[in-house]
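**Student:** This is the structure, below, for whatever I ask next.
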Amino acid sequence: MEFSSKLLEKAVNEMAQLPGIGKRTALRLVLHLLKQPSDQTQFLAESLTNMRNDIRFCSNCHNISDTEVCQICANSSRIHQLICVVEDIRDVMAIENTGQYKGIYHVLGGKISPIDGVGPSQLNINSLLEKVNSGRVKELIFALSSTMEGDTTNFYIYKQIANSEVIVSTIARGIAVGDELEYADEVTLGRSILQRVPFESSFKNTGSN
-19 MEFSSKLLEK
-9 AVNEMAQLPG
1 IGKRTALRLV
11 LHLLKQPSDQ
21 TQFLAESLTN
31 MRNDIRFCSN
41 CHNISDTEVC
51 QICANSSRIH
61 QLICVVEDIR
71 DVMAIENTGQ
81 YKGIYHVLGG
91 KISPIDGVGP
101 SQLNINSLLE
111 KVNSGRVKEL
121 IFALSSTMEG
131 DTTNFYIYKQ
141 IANSEVIVST
151 IARGIAVGDE
161 LEYADEVTLG
171 RSILQRVPFE
181 SSFKNTGSN
């Protein structure tokens, strides 16, 4: 792709670094921005800069937040003894959109994946174990995607807390194997949380098939 301007080329190359954005789409977006009033482009640039510089992670659940403690964890009407374990903020947003879940979350920041060099120490697992060991947690709900990496992560955490009295459940398999939570429709996802099953029975059933 030939460019008549080095500035245009640099902008397109940077835009093309975004997931799912190829060079042609990047060019179309950049040209669209060029047609907009300069202050609108400035607002976009400032919002991205502010997000990158000022965004924080909740000290309690590791969710993305504007404050030390996110709005969900700070909400006294939520059930703080019930923790839904998810991979990232997209899963929090998907579950919140169902309106069916009243507990709080714990964002792992990924899944165990040896092939990608991601082990337990790279994830927010130790802080979850500390919550369980504190005695303040009554139930953990595993809500990771139904992939090998998701199941591996679930089982690792389950083994770490096997001697605790915490109830461990997993969302019902209304979510198809391999699906990501963010793509599930709200009704299906809401039902999968309400109809959650004991985690031990879920992996025993899987192993017997």
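In case it helps, our numbering puts the sequence shown at residues -19 to 189.
Here a beta-carbon is modelled for each residue, glycine too, at the ideal position from N, C-alpha and C.
(1) Which runs of the beta strand (DSSP E) spanning at least 3 residues fall entirely within the region 39 to 81, listed in chain order?
(2) Cβ atoms of Q102 and G115: under 8 Å apart, would you say?
(3) Quick one: Cα of V146 to Cα of N33, how far?
(4) Please identify the residue among T133, N30 and I151 whose C-alpha is closest to the C-alpha of I105.
(5) Determine the direct distance from the alpha carbon of V66 to that of S57, and round the result to whole angstroms.
(6) Compare the beta carbon distance of M(-5) and V10 with 8 Å and say whether it is the shorter of the two.
(7) Just the C-alpha distance for I155 and S(-15), rounded to the nearest angstrom, thanks.
(8) DSSP on F(-17), reduced to helix/strand/coil?
(9) Assuming the contact rule is C-beta atoms closer than 8 Å, I59 and K82 should be a hit. Round their C-beta distance to whole Å, please.
(10) Could you pull the DSSP bridge partners for L120 from this structure?
(11) Thinking C-beta only, is I69 closer than 8 Å to I84?
**Tutor:** The relevant details are as follows:
(1) Listed in chain order, the beta strand (DSSP E) runs fully inside the region 39 to 81 are 59 to 66, counting runs of at least 3 residues.
(2) In the sequence shown, counting from the first residue as 1, residue 115 sits at position 135. In the sequence shown, counting from the first residue as 1, residue 102 sits at position 122. No. Outside cutoff.
(3) By 1-based counting over the sequence shown, the position of residue 146 is 166. By 1-based counting over the sequence shown, the position of residue 33 is 53. Looking at the backbone, the Cα of V146 and that of N33 are separated by about 38 Å.
(4) Reading the sequence shown from its first residue, position 125 is the one you call residue 105. Taking only the C-alpha atoms, the option nearest I105 is T133.
(5) Within the sequence shown, the letter at position 77 stands for residue 57. Within the sequence shown, the letter at position 86 stands for residue 66. Each residue's alpha carbon lies about 21 Å from the other.
(6) Within the sequence shown, numbered from 1, the residue matching residue -5 stands at position 15. Within the sequence shown, numbered from 1, the residue matching residue 10 stands at position 30. Taking 8 Å as the Cβ cut-off, M(-5) and V10 qualify as a contacting pair.
(7) For the purposes of this step, residue 155 is taken as residue 175 along the sequence shown, with counting starting at 1. For the purposes of this step, residue -15 is taken as residue 5 along the sequence shown, with counting starting at 1. Bear in mind that the predicted position of I155 carries a pLDDT of just 48, short of 50, making it unreliable; the figure below should be weighed with that in mind. Taking the straight line from one Cα to the other gives about 48 Å.
(8) Counting from 1 along the sequence shown, the entry for residue -17 is found at position 3. DSSP places F(-17) in coil when its eight states are reduced to three.
(9) Walking along the sequence shown from the start, residue 59 turns up at place 79. Walking along the sequence shown from the start, residue 82 turns up at place 102. That pair is a contact at about 5 Å.
(10) For this step, residue 120 is matched to residue 140 along the sequence shown. Answer is I63 and V148.
(11) As a first step, residue 84 is located in the sequence shown; it is residue number 104 there, counting from the start. As a first step, residue 69 is located in the sequence shown; it is residue number 89 there, counting from the start. No, these two residues do not count as a Cβ contact at 8 Å.
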